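Quick note, the sequences are listed as chains A and B, same order.
Residue numbering for the first sequence follows the numbering used here, beginning at 1113 and increasing consecutively.
Residue numbering for the second sequence follows the numbering used here, beginning at 1113 and increasing consecutively.
Number of protein chains: 2
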Amino acid sequence: MELETLIRAAQEQELPELVLKNGRIVNVFTGEILQGDVAITAGMIVGVGEDYHGRKEIDLENRYVAPGFINSHVHVESSMVTPEVYSMEELRQGTTTIITDPHEIANVGGEAALKDILRAAEASPVNYYVMLPSCVPATPFEHTGAELSAEKLLPFRDEPLVPGLGEMMNTVGVLGLDASVMEKLRGFYDRIIDGHAPMLSGKSLQAYICGGIDTDHESISYEEAVEKLRCGLHVLVREGSASRNLTAIIKGVVKNKIDTSRMAFCTDDKHLADIRKKGSIRHAVKKAITLGLPPVRAIQMATINAAMIYGLQHIGAVACRYRADLVILDDLDAVTIHEVYKDGVPVSSIRQPERIQYNEALLHTVNPAPLPADAFVIPEKESYSVIGIVREQIITEHLHMTHQEVMDGLKNGTVRKIAVIERHHAAGFHACAYAANYGLHHGAVATTVAHDSHNIIVIGDNDADMFKAVEELKAIQGGYTIIADGKVVGSLPLQLGGLMSLLSADAFIPQLDDIIQKAYDAGVDPDIDPFITLSFTALPVIPHLRITDCGLFDADTFRFIP
Amino acid sequence: MELETLIRAAQEQELPELVLKNGRIVNVFTGEILQGDVAITAGMIVGVGEDYHGRKEIDLENRYVAPGFINSHVHVESSMVTPEVYSMEELRQGTTTIITDPHEIANVGGEAALKDILRAAEASPVNYYVMLPSCVPATPFEHTGAELSAEKLLPFRDEPLVPGLGEMMNTVGVLGLDASVMEKLRGFYDRIIDGHAPMLSGKSLQAYICGGIDTDHESISYEEAVEKLRCGLHVLVREGSASRNLTAIIKGVVKNKIDTSRMAFCTDDKHLADIRKKGSIRHAVKKAITLGLPPVRAIQMATINAAMIYGLQHIGAVACRYRADLVILDDLDAVTIHEVYKDGVPVSSIRQPERIQYNEALLHTVNPAPLPADAFVIPEKESYSVIGIVREQIITEHLHMTHQEVMDGLKNGTVRKIAVIERHHAAGFHACAYAANYGLHHGAVATTVAHDSHNIIVIGDNDADMFKAVEELKAIQGGYTIIADGKVVGSLPLQLGGLMSLLSADAFIPQLDDIIQKAYDAGVDPDIDPFITLSFTALPVIPHLRITDCGLFDADTFRFIP
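This is the structure we're talking about:
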């Protein structure tokens, strides 16, 4: 893009390539809505106002023109499709910029995965920014596919699509001055550093911020959000598939008339089907408006605010010198999308980009060591710590059950065996315990999506099907599987890192629906997401009882249970 | 400053060095005023809130705490003292950060001057940022001391105190795609580029912005300001000694309830005595509040907004991780300063920094070629174009006078000779013409401050005193002088580049007052600033008639008058 081209087109010395006529244009700078045309050349807006003429002209018939939306924090892996496919889904729903943290795939593939993601980002039809994962591995209590030290991250620091360092989940490490954490914070001190500080408050919160933290997306209440704002954090209001914090926060914002100029919207984790149904940021904007936030302020949060927070230039406004990333709306309050433009091109003309050539190693990441015959044998004890699965939650209960209670549970179907098996480097680590209240009449359910280290998690009522499940996941090189009586009931391959499907969205969504249905058919409790709930049972930083490839883990005391 | 030190102090694992107790703290993030303490260590705020304890504690007795003010655009040379001296004056009035454009000294000394200014910036007691002068020389119609091409500017681009490129005054060059202008714009496209677009509007304004312009400080009306805001420019509201635009703009802002989050305050040019009397940004904040802007919003404009516009980190808020640059106010509406802290140190404890060792060449910049005996002889003509000096303005009139009228004017004191003499490289250029309505009974007045090329300007009623004035300015190596009957009536040396005094503020201000009084005593019209008005008569970009070392110049047609 040549400056000269834009300056000439702005003066109509050469006619702009495209003029969108007669719009009601949301001005995110002044908070006004102004009648006018939008002139576009070389993918950039070169003029906004009255009486523009272009080589091509489209009459907007008084529709609203908003800047393309920005999803300020998202883990694309949660969609279980590749970045290329995910981008298109977001784009169709008006999101033209996403700020991602490839934390999951980095845990599997390390630097090689980062390189691939950056190539995918470049090839993406949206503006695809990549925050460098700060916590790989997330904890020292498990074995992961890779480790990203400061030394390994710093070479990516000045990549053009990298605004900074991804969410620093290790709050304990920051407050405790952990040397490797400090090294990362120092290395990115003058860049954006995303925070992750659920419930952190007062002096601890401010000490954490002193480490160089700029944002937080973990607030679940208005009070939590406003304290973080006051301390200088930019608050990313999260409305994802699992965590939905928008209502609580925006209600308080509206009631207390708090300044929103340092707030944005994000999804964190959102499923593809949910995006397809309602959109991601579009949905957040609409919901915020419903709660009483003036539409223009909701749009500011969804656009220019996010761009300012992350220092993204030429993004987030309908104004000259900004990218022609636009959402044309039929209705402002309902955020009904008429058309989306990316760099001046209507989304209907944008084809799904070809999948990039991923590093071959990333397609072969399921390498568990051969399991011994007693891998799922749990030594008999008087009583056991049992993982209690909780409906509609990712927290678990720490149950204490007698031997008899467990035996009864195994019989009546309330107790199952659960195991985690290291799967990255055939390192041979594995652990097995009891889990309650998952459901499942018979057989085994297993996944290679297992936050955050993504080992294999398998749950079942008999060892043979559990072995078979591990075998199947190795055979398909990652994904979901359901086994019964030694047979594969269903499998969903997620071959990219064992996390993402190589399918298109259209092919993937029915397959996902299908295997979820099969899990429910196999008896999984209908109030539990059969695979997502399972994949969080290995996350040692969420209360209360967890299992990693190193053993049963008390997430309250941060100790393994012998 | 070690991250570890801050994090420990924030948790009071080591007591903060200083705690300011019981303040009413302006929170620029949320727009609230909150009761609390401010804890400070290593010059940084490590905590804000209740119940902090420090090694030293000061009771604020419920006074207001605001962030230190930011002057978002200033030419320090206009103060006629060195950056070190200027900084202290600003600091005492609550300005802890200045964003400067050393355009004047760069016109004299080029890269060497830039290097010195950057060293002075580092030594300054305020946060002293330097925008690189984009227009040296300002026009091709005169001879200047130096030329700064893109090639010469780019090595300074990544200096830590350089946010970007200084005001691009060459709007014609931007719109006309001048190659050397384009090269500069391209070189700084991803950095901040200050604009200078008086009265530019509509498609021309947007074409100019397409060149990469981020700010403008030239708006003189609300309508002009709001159009620029709508186009995405950050508007710096100017309240200086000469140009005072705040009332017009802020009145409109208040009336129209326009969003101020992309606006800041600046002085552009402000005299030392004015700063000493009322402050710079402090004065702007106070005036804006008087006009009805809520105090917190005025303070946001004076602090965090400016920091965001220029991408300055850790500046502009009273919050952890920000520099402890604070203004303690007795009264919020009147902006009455009780104390100023810079990096946690009260200004009363900060000593005027030693003057840096300026490049010797910058102290010897007045090198006119020997003048021929007829240098001030104006060939007799039937009629003349005469520069009409206008009271209280820097614009001039283009008068047409007959020979007889000029002769009469010379006799009755309404007409004088005015000359500009190249003084940088003994290049030998000089021009002489007639000027009307300056006053001056007898003798000559001269200055080496002559925007923007800073040649010598001399005005007088006889050639001998004019020669003597040039001789005197060479002898003192720059400054102001008044001559009568071959004798020096008064001289004010401005030895740094012929623009700035090497004196302290206390020594300088009375000397300046003295020579201005002497000029009035010599008969200069009391409604004209004897030296400042004179120094603008050589600026070819201001209407209507000007004189440069190349000749009499019609600033309306951009042509020399033969």
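No residue lacks a Cβ here, since even glycine has one placed at the ideal position from N, Cα and C.
What you are looking at is a predicted structure, and each value in this text was computed from that prediction instead of being measured.
By the C-beta density criterion, Asp1633/A is exposed, having fewer than 16 other C-beta atoms within 10 angstroms. Distance from the CA atom of Arg1535/A to the CA atom of Asn1479/A, rounded to whole angstroms, is 5 Å.
Annotated as proximal: Leu1348/B and Phe1377/B, with beta-carbon spacing under 8 Å. For Thr1283/B, the enclosing alpha helix (DSSP H) has its first and last residue at 1283 to 1287.
Inter-segment contact for the region 1397 to 1416 of chain A and the region 1120 to 1133 of chain A is absent: fewer than three beta-carbon pairs are separated by less than 8 Å.
With contacts defined by Cβ atoms closer than 8 Å, Glu1173/A and Asn1134/A form a contacting pair. Against chain A, the beta carbon of Ser1373/B has neighbours under 7 Å at Ser1373, listed in chain order. Taking C-beta atoms under 8 Å as the contact rule, Leu1624/A and Leu1646/A fail to qualify, at a distance of about 14 Å.
Rounded to whole angstroms, the Cβ separation of Arg1435/A and Met1156/A is 6 Å, and the two are in contact under 8 Å.
At least one beta carbon of chain A lies nearer than 8 Å to the beta carbon of Gly1159/B. Within the model, the alpha-carbon separation for Asp1381/B versus Pro1406/B is close to 26 Å. Annotated as proximal: Val1338/B and Gly1364/B, with beta-carbon spacing under 8 Å. Residue state for Leu1203/B is assigned as helix, using DSSP reduced to three classes. For Ala1232/B, the enclosing alpha helix (DSSP H) starts and ends at 1215 to 1235. At a Cβ-Cβ threshold of 8 Å, Gly1456/A and Leu1130/A count as neighbours.
Lys1493/B carries a coil assignment under DSSP once its states are collapsed to helix, strand and coil. Exposed is the label assigned to Asn1368/B, since fewer than 16 other Cβ atoms lie within 10 Å of its Cβ. Each of Thr1256/B, Ser1292/B, Asp1668/B was checked against the Cα of Ala1262/B, and the nearest Cα belongs to Ser1292/B. Within the region 1537 to 1577 of chain B, the complete beta strand (DSSP E) segments at least 3 residues long are 1542 to 1548, 1556 to 1559, 1568 to 1572, listed from N- to C-terminus. In the DSSP annotation of this structure, Lys1529/B is not part of any alpha helix (DSSP H); the continuous beta strand (DSSP E) holding it starts and ends at 1527 to 1533. The Cβ of Ser1331/B sits no closer than 8 Å to any Cβ of chain A. In the displayed model, Glu1254/B falls within coil according to three-state DSSP, outside both helix and strand. Contact between the region 1469 to 1477 of chain B and the region 1604 to 1614 of chain B is present, with at least three C-beta pairs closer than 8 Å. In the three-state reduction of the DSSP assignment, Val1430/B falls in the coil class.
Residue state for Asn1183/A is assigned as strand, using DSSP reduced to three classes.
Ile1211/A counts as buried, since at least 16 other C-beta atoms from the protein chains shown sit within 10 angstroms of its C-beta.
Residue contact with chain B for Ile1370/A: present (Cβ-Cβ distance below 8 Å to some residue of chain B). For the 8 Å CB-CB criterion, Leu1277/B and Arg1303/B form a contact.
Of the residues Gln1516/A, Gln1505/A, Ile1499/A, Val1518/A, the one whose Cα lies closest to the Cα of Asp1666/A is Ile1499/A. Counting along the chain, Gln1147/B sits inside the beta strand (DSSP E) bounded by residues 1144 to 1153.
For a Cβ distance threshold of 8 Å, nothing in chain A lies close to Cys1247/B: the least Cβ distance comes to about 17 Å. At a cut-off of 8 Å between beta carbons, Ala1419/B makes no contact with chain A. Excluding residues up to 5 positions away in sequence, Pro1407, Ala1410, Asp1445 lie with their Cβ nearer than 6 Å to the Cβ of Ile1401/A in the same chain. The three-state reading of DSSP puts Tyr1470/A in coil, since its state is none of H, G, I, E or B. The secondary-structure analysis by DSSP pairs Glu1162/A with nothing; it has no beta-bridge partner.
At a cut-off of 8 Å between C-beta atoms, Met1192/A does not count as an interface residue with respect to chain B.
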